[in-house]
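Visitor: Quick note on numbering: the first sequence equals residues 0 to 652 in the working numbering.
Just so you know, even glycine gets a beta-carbon here, dropped at the ideal spot from N, CA and C.
Source: prediction; values computed, not measured.
Quick one: this structure, given as structure tokens, is what I'll be asking you about.
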Amino acid sequence: MARGEAVFSEFVRGFETRENGFLLQPSNSRDLQQRLFSMLQGCKSMRELARLHAQLLVNGFSQKNFLITKLLSFCVSSNNLYHATQAFDMVKEPSTILCNQMIGAFSRSATPETALRFYNRMRASAMAQPNSFTFAFLLGACAAAGTSLLKQGEQLHARILSAGFGVDVYVQTNLVNMYAAAADSATIEKARKVFDDMPHRNVVSWNAMLAGYLRSGDAPSAFRLFDQMPERNAVSWTTMIAGCAQSGRSRQALTLFREMRRARIGADQVTFVAALSACAELGDLEMGRWIHSRIDRGASVGERRLVSLNNALIHMYAKCGAVQDAYRVFQEMPRRSTVSWTTMIAGLTIHGHGDDALHLFRTMQCMKEAKGEKPDAVTFIAVLNACCRTGRIDEGYRFFEQISQVYGIRPSIEHYGCMVDMLSRAGRLSEAWQLAKTMPMQPNEAVWGALLNGCRARRDVKLASQVVDRLMELELEPAHAAGYLVILSNAYAAAGKWDEVRRVRERMVKMGLSKPPGRSWVHVNGVLHSFVAGDRSHRRASDIYRMVGEIAARAKLEGIAPDTSQVLLDVEEEEEREAFLQHHSEKLAIAFGLISIPDVGEPIRVTSNLCICSDCHSTAKFVSKAFGREIVVRDQNLFHHFVDGCCSCKDYW
DNA sequence: TTAGGGTTAG
Numbered sequence: 000m001a002r003g004e005a006v007f008s009e010f011v012r013g014f015e016t017r018e019n020g021f022l023l024q025p026s027n028s029r030d031l032q033q034r035l036f037s038m039l040q041g042c043k044s045m046r047e048l049a050r051l052h053a054q055l056l057v058n059g060f061s062q063k064n065f066l067i068t069k070l071l072s073f074c075v076s077s078n079n080l081y082h083a084t085q086a087f088d089m090v091k092e093p094s095t096i097l098c099n100q101m102i103g104a105f106s107r108s109a110t111p112e113t114a115l116r117f118y119n120r121m122r123a124s125a126m127a128q129p130n131s132f133t134f135a136f137l138l139g140a141c142a143a144a145g146t147s148l149l150k151q152g153e154q155l156h157a158r159i160l161s162a163g164f165g166v167d168v169y170v171q172t173n174l175v176n177m178y179a180a181a182a183d184s185a186t187i188e189k190a191r192k193v194f195d196d197m198p199h200r201n202v203v204s205w206n207a208m209l210a211g212y213l214r215s216g217d218a219p220s221a222f223r224l225f226d227q228m229p230e231r232n233a234v235s236w237t238t239m240i241a242g243c244a245q246s247g248r249s250r251q252a253l254t255l256f257r258e259m260r261r262a263r264i265g266a267d268q269v270t271f272v273a274a275l276s277a278c279a280e281l282g283d284l285e286m287g288r289w290i291h292s293r294i295d296r297g298a299s300v301g302e303r304r305l306v307s308l309n310n311a312l313i314h315m316y317a318k319c320g321a322v323q324d325a326y327r328v329f330q331e332m333p334r335r336s337t338v339s340w341t342t343m344i345a346g347l348t349i350h351g352h353g354d355d356a357l358h359l360f361r362t363m364q365c366m367k368e369a370k371g372e373k374p375d376a377v378t379f380i381a382v383l384n385a386c387c388r389t390g391r392i393d394e395g396y397r398f399f400e401q402i403s404q405v406y407g408i409r410p411s412i413e414h415y416g417c418m419v420d421m422l423s424r425a426g427r428l429s430e431a432w433q434l435a436k437t438m439p440m441q442p443n444e445a446v447w448g449a450l451l452n453g454c455r456a457r458r459d460v461k462l463a464s465q466v467v468d469r470l471m472e473l474e475l476e477p478a479h480a481a482g483y484l485v486i487l488s489n490a491y492a493a494a495g496k497w498d499e500v501r502r503v504r505e506r507m508v509k510m511g512l513s514k515p516p517g518r519s520w521v522h523v524n525g526v527l528h529s530f531v532a533g534d535r536s537h538r539r540a541s542d543i544y545r546m547v548g549e550i551a552a553r554a555k556l557e558g559i560a561p562d563t564s565q566v567l568l569d570v571e572e573e574e575e576r577e578a579f580l581q582h583h584s585e586k587l588a589i590a591f592g593l594i595s596i597p598d599v600g601e602p603i604r605v606t607s608n609l610c611i612c613s614d615c616h617s618t619a620k621f622v623s624k625a626f627g628r629e630i631v632v633r634d635q636n637l638f639h640h641f642v643d644g645c646c647s648c649k650d651y652w
């Protein structure tokens, strides 16, 4: 008896004596085969499948390839590779189709290289002749592995050509996809070569090429190809939308999303995921809500909503300042993944609900029975970040230890970065410095940046200058380098070290750096209004500046002095500094919100591209109290909810 | 023995 048969003998014994109407002596073998075939086709569970499998064996059909094929189909679609392998191993002379099913299943598994191993076994034992399906699946396995199976993929390519399968559209498309999936300039050219040589392409071939261009930092080529496409389907549009959203072209992504609607191509769940990610990036709550309502309206009966679509909604709401809506989506999800929990934990944290975030994480840890909901490396980044924001250092250390000791994950530089950030914010600067110097990898920009932020808050000019030296050894984007030097110069200015201020300024000039302009946005009636510091281009500029003046005057009456410690270094006269402060883009956006958004309980939502300065922060607190308006400011890192004179960040950002 | 391969893209 073959190994696999023993496993089912238990079932078999059960069936020899038991009722289960359908087990009869094979009075007519052909009829029984047909009956089993249709039963396999209608099979609903692995349990039922095991029963049918047992019957198959009892009746001596274990070598009937077409029955085993149906059986494997079910195993494969329910992700039970173990049972599939067992059934396959029983067949003495497996057909090509049976082998293809196995290769296909392996290619889609977490270990696509097993597909190639299976193929080698298939060749060595000459169990069946490969055909175009075989090669298509194998190329799919190479594509799934990214670059690690590229060498083998190229060998396959050669074999495909010599074996005469190079004319098959599926094989060709899979070749394009494999080279495009590796996504570097050399393989993209190979993908394009195969693509150009195809006598007939279908929409999938075009989409694979499109995705390849977008995957490799080349949007122009993607747009060129997109324009040339003879036919575009939902996948083509989604590829473009997702590609744009992932490369910082979120506005363009939403433009494409609207064009897609105009072209009357129906968006599906994956399209919505991509569009929502663009909304999240832009903080476009109105569009996000609109998409949510479309999803609810368009949900067809019986269609299960993708977990990732709900995750995208959570992420969108959290990033658009509507954390309660994010939480509602999270609560109502019928199924959750690790990503759902992680997204929610991170969302709560950026809104100043770090304690709730940690509470949620503990709940997650208790859900031991739930599969696919275990914390992973990213979850721990969110968790450590929550500890950082709440100043829970002991807990932070405990969780940090759990990463490796309980979950067997090697802490990455991001985890160390969180720890340095946590210590820096708590003012434990020497500990943070020590950790940065002794951590097992070279500290990166984020690590030193966190420490620098701590130095600024604690006014430790000496350490700040050492940290900036480390930062300048790295390859930085000019805008970032400028930002760090501005922090250093402000630290010197606050300490009254004007010579040093001048020296930093000279350094910036020599490096050709200037601080990127601060920009703030506010949505009013679906229209986006954008402001830079000192901006007078707005249609209602005079009204806005009148309101800015009123806010400043009322604050002064209340005895609130402007905080000039974070003003740009080249404005050294006190009066000028105050004037400059008053016209920060955040203040202009808030003032415009005050005069143009009716007070019906909705907050004034402002998005800013930099971190809010301490003067704008205290102004927003003042406005929330004096004008009785809730203000939500999303800056580079977090949300500030200003209500009745207080901020959700507890003045800690 | 007619029956069979979730072929490929987001």
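Extract the residue ranges of the beta strand (DSSP E) inside the stretch 464-524, only unbroken runs of 3 or more that lie entirely within it.
Guide: With a minimum length of 3 residues, the continuous beta strand (DSSP E) runs that stay inside the stretch 464-524 are 518-523.
Visitor: By alpha-carbon positions, which one of Leu305, Ala431, Asp354, Ile344 ends up nearest to proline 333?
Guide: On the first sequence, residue 333 is found 334 positions in, with the first residue counted as 1. Minimum Cα distance to proline 333 is reached at Leu305.
Visitor: If you follow the alpha helix (DSSP H) that isoleucine 313 is part of, which residue opens it and which one closes it?
Guide: Numbered from its first residue, the first sequence carries residue 313 at position 314. Run containing isoleucine 313: 306-318, per the alpha helix (DSSP H) assignment.
Visitor: Could you check which residue in Arg231, Arg260, Pro219 has the C-alpha nearest to that of glycine 242?
Guide: Your numbering for residue 242 matches position 243 in the first sequence. Of the candidates Arg231, Arg260, Pro219, the one whose C-alpha sits nearest the C-alpha of glycine 242 is Pro219.
Visitor: Assuming phenylalanine 591 and valine 642 make a contact with CB atoms under 8 Å, what is their CB distance in whole Å?
Guide: Residue mapping note: residue 591 aligns to position 592 of the first sequence, counting from 1. Residue mapping note: residue 642 aligns to position 643 of the first sequence, counting from 1. Not a contact, Cβ separation roughly 20 Å.
Visitor: Could you have a look at threonine 348 and say whether DSSP puts it in helix, strand or coil?
Guide: As a working mapping, residue 348 is identified with position 349 in the first sequence. The answer is helix: DSSP assigns threonine 348 an H, G or I state.
Visitor: In terms of alpha-carbon separation, which member of Ser76, Thr95, Met101 lies closest to glutamine 85?
Guide: Stepping through the first sequence from its first residue, residue 85 is reached at position 86. Out of Ser76, Thr95, Met101, Met101 has the C-alpha closest to the C-alpha of glutamine 85.
Visitor: Where in the stretch 584-631 do unbroken runs of the beta strand (DSSP E), each at least 3 residues long, occur, reported from the N-terminal end onward?
Guide: Qualifying beta strand (DSSP E) stretches, in chain order: 603-607.
Visitor: Where does the unbroken beta strand (DSSP E) through leucine 527 begin, and where does it stop?
Guide: What you label residue 527 is simply residue 528 of the first sequence in a count that begins at 1. Unbroken beta strand (DSSP E) run through leucine 527: 526-531.
Visitor: For glycine 390, which of Met421, Arg633, Asp498, Gly371 has the nearest alpha-carbon?
Guide: In the first sequence, counting from the first residue as 1, residue 390 sits at position 391. The candidate whose alpha carbon is nearest that of glycine 390 is Met421.
Visitor: Which partner residues of valine 633 appear in the DSSP bridge assignment?
Guide: The residue given as residue 633 occupies position 634 in the first sequence. Residue 633 is actually arginine in this sequence, not valine. Answer is Thr606, Phe638, bridged to arginine 633.
Visitor: From glycine 495 to aspartate 542, what does the alpha carbon distance come to, in whole angstroms?
Guide: The residue given as residue 495 occupies position 496 in the first sequence. The residue given as residue 542 occupies position 543 in the first sequence. Cα to Cα, the separation comes out at about 37 Å.
Visitor: Can you grab the Cα-Cα spacing for the pair phenylalanine 21 / glutamine 62, in whole Å?
Guide: By 1-based counting over the first sequence, the position of residue 21 is 22. By 1-based counting over the first sequence, the position of residue 62 is 63. Confidence is the limiting factor: at phenylalanine 21 the pLDDT is only 45, short of 50, which leaves the residue's position unreliable and the question unanswerable from this model.
Visitor: Between glutamine 441 and leucine 473, what straight-line distance do the alpha-carbon atoms span, to the nearest angstrom?
Guide: Sequence index remark: in the first sequence, residue 441 carries index 442 (1-based). Sequence index remark: in the first sequence, residue 473 carries index 474 (1-based). Near 11 Å, if we compare the C-alpha coordinates of leucine 473 and glutamine 441.
Visitor: Buried or exposed for histidine 639, going by 16 or more other Cβ atoms inside 10 Å?
Guide: On the first sequence, residue 639 is found 640 positions in, with the first residue counted as 1. That one is buried.
Visitor: Which partner residues of cysteine 646 appear in the DSSP bridge assignment?
Guide: For the purposes of this step, residue 646 is taken as residue 647 along the first sequence, with counting starting at 1. Phe641, per the DSSP bridge assignment.
Visitor: Closer than 8 Å by C-beta to threonine 95: which residues in its own chain qualify, once you throw out the five before and the five after it? Chain order, please.
Guide: Position 96 of the first sequence, counting from 1, holds the residue named residue 95. Same-chain partners within the cutoff: Ala127, Gln128, Pro129, Asn130, Phe132, Thr133.
Visitor: To the nearest whole angstrom, what separates the beta carbons of leucine 512 and alanine 480, a pair I think is in contact under 8 Å?
Guide: In the first sequence, the residue the question calls residue 512 occupies position 513. In the first sequence, the residue the question calls residue 480 occupies position 481. Confirmed, about 6 Å.
Visitor: Taking 7 Å as the limit between beta carbons, can you name the residues of its chain near serine 411, skipping five residues before and five after?
Guide: Residue mapping note: residue 411 aligns to position 412 of the first sequence, counting from 1. Closer than 7 Å at Cβ, skipping near neighbours: Ala376.
Visitor: To the nearest angstrom, report how far apart valine 75 and alanine 49 are at their CA atoms.
Guide: Here residue 75 is taken as the residue at index 76 of the first sequence, counted from 1. Here residue 49 is taken as the residue at index 50 of the first sequence, counted from 1. Their backbone Cα atoms lie some 14 Å apart in a straight line.
Visitor: Could you check if aspartate 183 is buried or exposed, using at least 16 other CB atoms within 10 Å of its CB as the buried criterion?
Guide: Counted from its first residue, the first sequence places residue 183 at position 184. Exposed, because fewer than 16 other Cβ atoms sit within 10 Å of the Cβ of aspartate 183.
Visitor: Excluding five sequence neighbours on each side, which residues of the same chain lie with their C-beta closer than 6 Å to the C-beta of serine 519?
Guide: The residue given as residue 519 occupies position 520 in the first sequence. The residues are Phe530, Ser584, Glu585, Ala588, Val605, Ser607.
Visitor: Out of Trp205, Cys646, Leu475, which one is the CA nearest neighbour of leucine 224?
Guide: As a position in the first sequence, residue 224 is number 225, starting the count at 1. The candidate whose alpha carbon is nearest that of leucine 224 is Trp205.
Visitor: The alpha helix (DSSP H) that contains methionine 366, what's its start and end?
Guide: As a position in the first sequence, residue 366 is number 367, starting the count at 1. Where methionine 366 is concerned, there is no enclosing alpha helix (DSSP H), given that its DSSP letter is neither H nor E.
Visitor: Mind the definition here: the stretch 606-622 touches the stretch 322-333 only if three or more C-beta pairs lie below 8 Å; say whether that holds.
Guide: Touching, no, given that fewer than three Cβ pairs across the two stretches are closer than 8 Å.
Visitor: How is proline 219 classed by DSSP in three states: helix, strand or coil?
Guide: As a first step, residue 219 is located in the first sequence; it is residue number 220 there, counting from the start. Proline 219 falls in the helix class under three-state DSSP.
Visitor: Quick check on leucine 484: buried or exposed, where buried means 16 or more other Cβ atoms within 10 Å of its Cβ?
Guide: To locate residue 484, count along the first sequence from 1; it is residue 485. That one is buried.
Visitor: If you follow the alpha helix (DSSP H) that leucine 213 is in, where does it begin and where does it stop?
Guide: The residue you call residue 213 lines up with position 214 of the first sequence. Start and end: 202-214.
Visitor: According to DSSP, is histidine 199 helix, strand or coil?
Guide: What you label residue 199 is simply residue 200 of the first sequence in a count that begins at 1. If DSSP states are grouped into helix, strand and coil, histidine 199 belongs with coil.
Visitor: Enumerate in chain order the residues of its own chain whose CB-to-CB distance from methionine 438 is below 7 Å, with the five nearest sequence positions on each side excluded.
Guide: On the first sequence, position 439 is the one that residue 438 refers to. These residues qualify, in order along the chain: Tyr415.
Visitor: Got a sec, what are the start and stop residues for the alpha helix (DSSP H) alanine 552 sits in?
Guide: Along the first sequence, read from residue 1 onward, the residue named residue 552 stands at position 553. Here the alpha helix (DSSP H) through alanine 552 covers 540-556.
Visitor: Which residue wins for smallest C-alpha separation from arginine 361, given the options Thr341, Phe65, His350, Gly351?
Guide: Your numbering for residue 361 matches position 362 in the first sequence. Ranking the options by Cα distance to arginine 361, first place goes to Thr341.
Visitor: Judging by CA-CA distance, which residue of Val460, His528, Arg539 is the nearest neighbour of valine 503?
Guide: Here residue 503 corresponds to residue number 504 of the first sequence, with the count starting at 1. The option with the nearest alpha carbon to valine 503 is Val460.
Visitor: So for aspartate 534, helix, strand or coil by DSSP?
Guide: Your numbering for residue 534 matches position 535 in the first sequence. Coil, per DSSP.
Visitor: Taking 6 Å as the limit between beta carbons, can you name the residues of its chain near tyrosine 651, skipping five residues before and five after?
Guide: As a working mapping, residue 651 is identified with position 652 in the first sequence. Excluding positions up to five away in sequence, the list is empty.
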